[in-house]
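Chains as they are written, first to last, in the numbering used here: chain A, 663 to 824; chain B, 25 to 374. In what follows, a single structure is set out as structure tokens and then discussed.
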Ligand SMILES: [Zn+2]
Ligand SMILES: [Zn+2]
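Structure below.
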């Protein structure tokens, strides 16, 4: 007899299955728990598990440059990178800047792309424009021309919408 | 039970008069956004969370899109109210786990809604009947434009809209459709078809009942990633996959109806009519199973005791919180099953 993976008391009669990339995730639920979960069929798909992806990345020998993983912490909210490794959740929007070199390979791995191509937001604000120009300088200095081209387009776009 | 008025309202996404509504139940698009000056909900203090609700309520109240909206704090609602919102797809189960400082805004006809302080500060959603991803996206795009002017969203030119979990980073977009695929389920080729989809950047989920049949034959398809393409590209790709699946289901229905298996299918469909017309006790799981067959019978144009709008309504109102709300009290599982049977018989007119 297979026990319900939610309450672990009653026999499982409902098998919930999610196909996620190449992985099949299964949940076994009893009738009562399934009735409650029947609803969550329409809620968010439980997406990829960050801790698992991170484990996979270090297995592949992807080494993030610059930052020391163990000691890295966000200056704005205090979250340590090791905490993110466990929970898969960042603490605040500044975490993205704090952990940028560590997060970059993860983001590419999850989405298959390194850079946002969707809607832009307030790119014409002076602060954002400053930031873009700073990044462009850095990209040119490090000979990352792909990034430089994308940044140049963004700066041009920002200039137009002003 | 403040929300029992909601039972009388028809949610727009239950309409049976929408593109491909015989197969596609609903289309939904959501965007995840966070406010720049506060830590993400998982790390924020209670005071911050309360301010976030205040700022978002304030920013949306002035918006004509939310002219007739309900602004609710979860802590002011009881368990049944919260359950009702979950069953109507307006909030997630996660939001109800910790009701303090969580909020929800429900727009007219439940087409547009906001969920506040779940994993991200703001989740905006647009829900439409049938295969209407473009319409759902169009409504959400306008809302994003308007709210984006009043609120300061966390955004990075490289990584797009910043979210608590990197899986939502970029567009913050999750588009999904609920599909009814009984014929593919019947021929059990459904697993093969669905697994092939997972290679196309689409996640498929279904509720599996005893054995191998999916509960209610309802599947949810959604985009697997959300960074690196435009919002429209993610939506178009999902739409493409859904359209293909709708075609496959239609072919399979045709094949079943013109082949030797037709009588077996008829037998199952009419047995389901019999059970729902005469049952005295029925679980949600069993009701889903029979409603699925009747839905197929309606789509095939067979003589059924109800039409698609009524069936969609039963589909929603047979859920536990709706049942208890209709009974106007909390019920134990057995009482609920009894009340559900009675209610469904009434709705069928048997
Ligand atoms: Zn259980
Ligand atoms: Zn932080």
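From the three backbone atoms N, C-alpha and C, an ideal C-beta is built for every residue, glycine too.
Problem - Exposed unless 16 or more other CB atoms sit within 10 angstroms - verdict on residue 64 (chain B) - result: Here residue 64 (chain B) is buried. Its C-beta has 16 or more other C-beta atoms within 10 Å.
| message | Could you check if residue 303 (chain B) belongs to the surroundings of ligand 2, using beta carbon to heavy atom distance under 6 Å? | response | No - ligand 2 has no heavy atom lying nearer than 6 Å to the Cβ of residue 303 (chain B).
(message) Along the chain, where does the alpha helix (DSSP H) containing residue 145 (chain B) start, and where does it finish?
(response) Residue 145 (chain B): not part of any alpha helix (DSSP H); DSSP gives it neither H nor E.
| Rounded C-beta distance between residue 153 (chain B) and residue 37 (chain B)? I'm assuming under 8 Å. | Your pair residue 153 (chain B) and residue 37 (chain B) checks out as a contact, with CB atoms roughly 5 Å apart and the cut at 8 Å.
Identify every residue that forms a DSSP beta bridge with residue 152 (chain B). Looking at the DSSP output, residue 152 (chain B) bridges to B:51.
Could you tell me if residue 807 (chain A) is buried or exposed, where buried requires 16 or more neighbouring beta carbons within 10 angstroms of its beta carbon?
-> Residue 807 (chain A) is exposed by the Cβ-count criterion.
| query | In chain A, which residues lie less than 7 Å from residue 332 (chain B) when you measure between Cβ atoms? | reply | Those within 7 Å of residue 332 (chain B) in chain A number zero; the least Cβ separation is about 18 Å.
*asked:* Could you give the first and the last residue of the continuous alpha helix (DSSP H) run that contains residue 199 (chain B)?
replied: Bounds of any alpha helix (DSSP H) do not take in residue 199 (chain B); it lies within the beta strand (DSSP E) bounded by 197-204.
Exercise. Which value, in whole angstroms, describes the spacing of the CA atoms of residue 341 (chain B) and residue 273 (chain B)?
Worked result: If you draw a straight line from the Cα of residue 341 (chain B) to the Cα of residue 273 (chain B), it is about 26 Å long.
> Would you call the CB atoms of residue 201 (chain B) and residue 138 (chain B) closer than 7 Å?
Replying inline: The Cβ atoms of residue 201 (chain B) and residue 138 (chain B) do not sit closer than 7 Å to each other.
Discussion item. What does the alpha-carbon distance come out to for the pair residue 104 (chain B) and residue 249 (chain B)?
Written reply: So the alpha carbons of these two residues sit roughly 34 Å apart.
* Is the segment 121-139 of chain B touching the segment 90-106 of chain B, taking contact as three or more C-beta pairs under 8 Å? -> Yes, the segment 121-139 of chain B touches the segment 90-106 of chain B.
**Asked** What residue ranges within the segment 215-290 of chain B form continuous alpha helix (DSSP H) runs of no fewer than 4 residues, ordered along the chain?
**Response** Taken in chain order, the unbroken stretches of alpha helix (DSSP H) that lie wholly in the segment 215-290 of chain B and span 4 residues or more are 255-282.
Would you list the residues sitting across from residue 136 (chain B) in a DSSP beta bridge? Bridge partners of residue 136 (chain B): B:150.
query: What whole-angstrom Cβ distance do residue 254 (chain B) and residue 750 (chain A) have, given they're in contact under 8 Å?
result: Not quite, the Cβ-Cβ distance comes to about 26 Å (not below 8 Å), so this is no contact.
* Mind pulling the chain A residues with CB within less than 7 Å of residue 67 (chain B)? -> Annotation: Cβ neighbours of residue 67 (chain B) in chain A (cutoff 7 Å, chain order): 739, 741, 753 and 754.
*With a cut-off of 8 Å on the beta carbons, I'd call residue 134 (chain B) and residue 151 (chain B) a contact; round off their distance for me.*
At roughly 7 Å, the Cβ-Cβ gap stays under 8 Å, so residue 134 (chain B) and residue 151 (chain B) are in contact.
Item checked: Neighbour list for residue 303 (chain B) in chain A, Cβ cutoff strictly below 7 Å -> Here the premise fails: no neighbours, minimum Cβ distance about 16 Å.
Quiz item: At what residue ranges does the segment 71-102 of chain B contain a whole run of the alpha helix (DSSP H), taking only runs of 4 or more?
Solution: Counting only runs of 4 or more, we get nothing.
Query raised in the report: For a contact meaning CB atoms closer than 8 Å, what does residue 765 (chain A) contact in chain B?
Result: Identification of chain B residues near residue 765 (chain A) by a Cβ-Cβ cut-off of 8 Å yields 190, ordered along the chain.
Beta carbon proximity, residue 777 (chain A) to chain B, threshold 7 Å = Judged by the 7 Å Cβ criterion, residue 777 (chain A) is in contact with chain B.
task: Pick helix, strand or coil for residue 775 (chain A), following the three-state DSSP scheme.
output: In the structure shown, residue 775 (chain A) sits in coil (DSSP, three-state: anything other than H, G, I, E or B).
Neighbourhood of residue 86 (chain B) by C-beta, 8 Å cutoff - its chain only, sequence neighbours within 5 removed = Its chain contains 174 as the residues whose beta carbon lies nearer than 8 Å to that of residue 86 (chain B), once the 5 sequence neighbours on both sides are disregarded; these appear in chain order.
*Please report how far the alpha carbon of residue 35 (chain B) lies from the alpha carbon of residue 265 (chain B), in whole angstroms.*
Approximately 26 Å, taken between the alpha carbons.
CB contact below 7 Å: residue 51 (chain B) versus chain A: No, residue 51 (chain B) lies away from the interface with chain A (no Cβ there is under 7 Å from its Cβ).
Cβ of residue 736 (chain A) within 6 Å of any heavy atom in ligand 2?
Distances between the C-beta of residue 736 (chain A) and the heavy atoms of ligand 2 include at least one below 6 Å.
So which residues on chain B does residue 814 (chain A) lean against when the C-beta distance must stay under 8 Å? By Cβ distance, chain B contributes nothing, its closest Cβ being about 12 Å from residue 814 (chain A), past 8 Å.
Work out the CA separation of residue 774 (chain A) and residue 377 (chain B) for me, nearest whole Å.
One cannot answer for residue 377 (chain B) here, as it falls past the ends of chain B, which runs 25 to 374.
Comparing alpha-carbon positions, which option in B:165, B:149, B:136 and B:118 lies nearest residue 142 (chain B)?
-> In terms of CA proximity to residue 142 (chain B), B:118 leads the group B:165, B:149, B:136 and B:118.
Discussion item. Quick check: what's the CA-CA separation for residue 764 (chain A) versus residue 737 (chain A)?
Written reply: Residue 764 (chain A) and residue 737 (chain A): Cα-Cα distance of roughly 15 Å.
Chain A within 7 Å of residue 339 (chain B), Cβ atoms only:
No - not a single Cβ of chain A is within 7 Å of the one on residue 339 (chain B).
Item to complete: Could you name the residues of chain E that residue 250 (chain B) contacts, counting a contact when the two beta carbons are closer than 9 Å?
Response: The structure shown contains no chain E; its protein chains are A and B.
- If you measure from the CB of residue 669 (chain A), is any heavy atom of ligand 2 nearer than 6 Å? No - ligand 2 has no heavy atom lying nearer than 6 Å to the Cβ of residue 669 (chain A).
**Asked** At what residues does the beta strand (DSSP E) containing residue 127 (chain B) begin and finish?
**Response** Segment 127-130, the beta strand (DSSP E) holding residue 127 (chain B).
**OP:** Buried or exposed for residue 59 (chain B), please, with buried defined as at least 16 other CB atoms from any protein chain shown within 10 angstroms of its CB.
**Re:** By the Cβ neighbour-count rule, residue 59 (chain B) is buried, with 16 or more other Cβ atoms within 10 Å of its own.
(Q) Output needed for residue 742 (chain A): all residues of its chain with C-beta closer than 6 Å, excluding positions within five of it in sequence on either side, in chain order. (A) So the list reads 735, once near-sequence residues are dropped.
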